[in-house]
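Enquirer:
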Amino acid sequence: MREFDFTSTPIVNIVNDIIIDAVNKNASDIHFDPHEKFLKIRVRVDGDLQDYSIVDNKYKRNLVTRVKLLSGMNITESRLPQDGAIKSNINGKDLDLRVSCLPTNLGEKVVIRILDYTMSFEGLEKLGFSKTNYEHILKMIANPNGIVLITGATGSGKSTTVYSMLQKLNREETNIITVEDPVEMNIEGVNQIQVNSDIGLTFANVLRSILRQDPNIILIGEIRDSETAKIAIRASITGHLVLSTLHTNNSLNTIERLLDMDVERYLLSSSLKGIVSQSLAKRLCPHCKKLVPTTDWEKQIFKKSLGIEVNETYKAVGCDKCHKGYKGRIAIQEVLYITEEIRNAINEGKPREDLHRMIYKQGTLTIFQDGMMKVLDGITTIEEIFRIVDEDDDIYSEVKVKKLEEEQPIEQKITKIDRIPLEEQNEEVIKKPEVINNETLENEKNNNNDFNLDDFINQDNEKENKDDDFTQDLINLINNN
């Protein structure tokens, strides 16, 4: 935890130091969280929030005001949410800091999102794609028309991937126009437009105008509604290559989402060139990762997901360079290249199960399988893959259900109800239920070497039947009275 001397250090320097430290830690966000007696500062590194500093309440307002001033917010307004931005150059990197301020009952909460897209200029080949997936992506974006979608949750690296695609396509002979909210990175030679819904400059309105600008390639920052989806699809079948993002977690869900947005099947099937679904996993620290034998359960996972036997995998350890065993993140992807067979299936309205079989029959790896390949390569861990993969991944769901079944304790899910005969009862008719658990079963085993669980349950069921007869007699007696 870092401590600041607010009595001798100007608030300007303190805020600068906080931002510089966060950038040096490769943090994606800085959180200023108000508490009753202090302000807690946290930074998000590799997807996890880490405590950074505690600030006394008497300096809280000055700190928040400085951030609001830097980002162009109204410093006199503390009752309403505000958004702002800071342009900064740190360590030779031009950074875009997006600031959000939200009023809470304990004061204003501020979050700074650090946007650093330097990685995108390293090229698509540096983003963790397997050889097959990389080749599929090159084929997708080589089309002169059609739509390519990059999907995933917020913070899954969609922007980095789509900007890397633009970089690959950015040539002298092409006219590229983007419509974004916001423009996240300036690209030389690309015409970028930021939407502004306050004045009616929406995705849909801008797209209509873009089509009259003779574009070769159009980037739509995000497909958010039916109108934008329909215009994007129509643009892609009229001689334009369209790139866009969507908040879905796999290929099948993406197709269903677009159909739910009232995109006609025949238009979707004829325009869709490919879908890249992705998530981010923590990357193992190369300095301290340790090779260990796989457990029986881990062997089952490899066998089920990849069809291979694996005896050793790398585990996170932790050292002075990483502290927790991980350093950086790697993209885990599912890349679906739309073949003629899949195109026809979408157009004909084939059920999800048929599409699923076609997609994975052609060799498409799910996000879970791609993640397990990266575990095999020593890039990440099984624990990370289980943390990030969605339940919709069929192979993941199957192995997880099996794991839960194997981990479930052998506890009987029946309850013994010992009722007291009516003539012996005082105030209570029914005793407190006695739960049969592992300890009870173990005692029975010790007392009887021929102990059989089925016999135990059958005996208990016979007693339950007798007790049910007694209960009915009791009900009849009460009704007669």
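One gets my numbering by counting positions in the sequence shown from 1 and adding 11 to each. Yeah, the Cβ is synthetic: ideal placement off N, Cα and C, and Gly gets one too.
Would you call V23 buried or exposed, if buried means 16 or more other Cβ atoms sit within 10 Å of its Cβ?
Expert: Exposed, by the Cβ-count rule.
Enquirer: Going by the CB atoms, is the gap between G232 and T256 shorter than 8 Å?
Expert: Their beta carbons are under 8 Å apart, which means T256 touches G232 by this criterion.
Enquirer: Quick one, are the C-beta atoms of G329 and G336 less than 8 Å apart?
Expert: Going by C-beta atoms, G329 is nearer than 8 Å to G336.
Enquirer: Across which residues does DSSP place F313 in a beta bridge pair?
Expert: Its beta-bridge partners do not exist; DSSP assigns none.
Enquirer: Please return the same chain residues whose Cβ sits closer than 6 Å to the Cβ of V110, not counting the five positions on each side in sequence.
Expert: Only S82, G95, I123 meet the Cβ criterion.
Enquirer: Do you know offhand how far V173's Cα is from S19's?
Expert: Answer to the nearest angstrom: the Cα atoms are 46 Å apart.
Enquirer: Of the choices P155, E119, K169, D62, whose alpha-carbon is the least far from that of L180?
Expert: Minimum Cα distance to L180 is reached at P155.
Enquirer: DSSP state of S111, grouped into three classes?
Expert: The answer is strand: DSSP assigns S111 an E or B state.
Enquirer: By the three-class DSSP mapping on this structure, what secondary structure does V201 have?
Expert: Of the three classes helix, strand and coil, the one that applies to V201 here is coil, per DSSP.
Enquirer: Would you mind sorting R53 into buried or exposed? The rule is 16 or more other CB atoms within 10 Å of its CB.
Expert: With 16 or more other Cβ atoms within 10 Å, it is buried.
Enquirer: Does the contact criterion of 3 or more C-beta pairs under 8 Å hold for the stretch 104-118 versus the stretch 73-82?
Expert: Contact between the stretch 104-118 and the stretch 73-82 is present, because at least three Cβ pairs lie under 8 Å.
Enquirer: Pair every Cβ in the stretch 223-232 with every Cβ in the stretch 185-205, then say whether three or more of these pairs are closer than 8 Å.
Expert: Yes: at least three Cβ pairs fall under 8 Å.
Enquirer: Does the stretch 51-66 come into contact with the stretch 30-38, if we say contact requires no fewer than three beta-carbon pairs (one atom in each stretch) closer than 8 Å?
Expert: Cβ pair count under 8 Å is three or more, so yes.
Enquirer: Could you pull out every unbroken beta strand (DSSP E) segment of at least 3 residues lying fully inside the stretch 206-240, listed in chain order?
Expert: Complete beta strand (DSSP E) runs here, min 3: 228-231.
Enquirer: Go ahead and label I224 buried or exposed: buried means 16 or more other beta carbons lie within 10 angstroms of its beta carbon, across all protein chains shown.
Expert: According to the sequence as given, residue 224 is Gln; it is not Ile. Classification of Q224: exposed, given that the 10 Å Cβ count is below 16.
Enquirer: In its own chain, which residues sit with a C-beta less than 6 Å from the C-beta of E119, not counting the 5 before and 5 after it?
Expert: Contacts found: V75, S89, C112.
Enquirer: State the Cα-Cα distance for the pair Q203 and I244, rounded to the nearest angstrom.
Expert: Spanning the two alpha carbons is a distance of roughly 20 Å.
Enquirer: Just to confirm before moving on: does the CB-CB distance between S281 and I248 stay below 8 Å?
Expert: Yes, the pair counts as a contact, with Cβ atoms nearer than the cut-off.
Enquirer: Measure the alpha-carbon distance for T265 versus N216 and round it to whole angstroms.
Expert: Answer to the nearest angstrom: the Cα atoms are 24 Å apart.
Enquirer: By Cβ distance, which residues of its chain are closer than 7 Å to I65, with the 5 residues on each side in sequence left out?
Expert: Cβ neighbours of I65 beyond the five flanking positions: M12, F49, K51.
Enquirer: Here's a check: name, in chain order, each residue in its chain whose Cβ is nearer than 7 Å to the Cβ of N373, leaving out the five neighbours to either side.
Expert: The amino acid occupying residue 373 in the given sequence is Gln; Asn does not appear at that position. Cβ within range, chain order: T350.
Enquirer: Just to confirm before moving on: does the CB-CB distance between T392 and K326 stay below 8 Å?
Expert: Closer than 8 Å, so yes.
Enquirer: Between H367 and S288, what straight-line distance do the alpha-carbon atoms span, to the nearest angstrom?
Expert: So the two alpha carbons sit approximately 15 Å from each other.
Enquirer: By Cβ distance, which residues of its chain are closer than 6 Å to H298, with the 5 residues on each side in sequence left out?
Expert: So the qualifying residues of the chain are C330, K332.
Enquirer: Using 8 Å as the threshold, is the stretch 349-363 in touch with the stretch 374-392, meaning 3 or more CB pairs across them?
Expert: No contact exists between the stretch 349-363 and the stretch 374-392.
Enquirer: Should R182 go down as buried or exposed, given a rule of 16 or more other Cβ atoms within 10 Å for buried?
Expert: With fewer than 16 other Cβ atoms within 10 Å, it is exposed.
Enquirer: What is the residue span of the alpha helix (DSSP H) that A356 lies within?
Expert: 351-359 is the extent of the alpha helix (DSSP H) around A356.
Enquirer: Just how far apart, CA to CA, sit L263 and E275?
Expert: Cα-Cα distance, rounded: 16 Å.
Enquirer: Counting along the chain, where does the beta strand (DSSP E) carrying D127 start and finish?
Expert: From DSSP, D127 is part of no beta strand (DSSP E); its letter is neither H nor E.
Enquirer: So what's I286 in DSSP terms, helix, strand or just coil?
Expert: The answer is strand: DSSP assigns I286 an E or B state.
Enquirer: So, using beta-carbon positions, are D4 and S141 closer together than 8 Å?
Expert: The structure shown does not extend to residue 4, since the chain is modelled only from 12 to 492, so the question has no answer here.
Enquirer: Using only alpha-carbon positions, find the residue among C296, G134, T162, K150 that is nearest to I268.
Expert: Contrary to the premise, residue 268 reads as Arg rather than Ile in this sequence. Of C296, G134, T162, K150, the residue nearest in Cα terms is T162.
Enquirer: Need the endpoints of the alpha helix (DSSP H) that L302 sits in, please.
Expert: Here L302 belongs to no alpha helix (DSSP H); instead the beta strand (DSSP E) covers 301-304.
Enquirer: D94 bridges to which residues according to DSSP?
Expert: According to DSSP, D94 bridges with S111.
Enquirer: Smallest Cα separation from A342: which of V400, P226, I101, M369?
Expert: Of the candidates V400, P226, I101, M369, the one whose C-alpha sits nearest the C-alpha of A342 is V400.
Enquirer: Got a sec? Which residues, its chain only, sit under 6 Å from F17 by beta carbon, not counting five neighbours each side?
Expert: Cβ neighbours of F17 beyond the five flanking positions: Y70.
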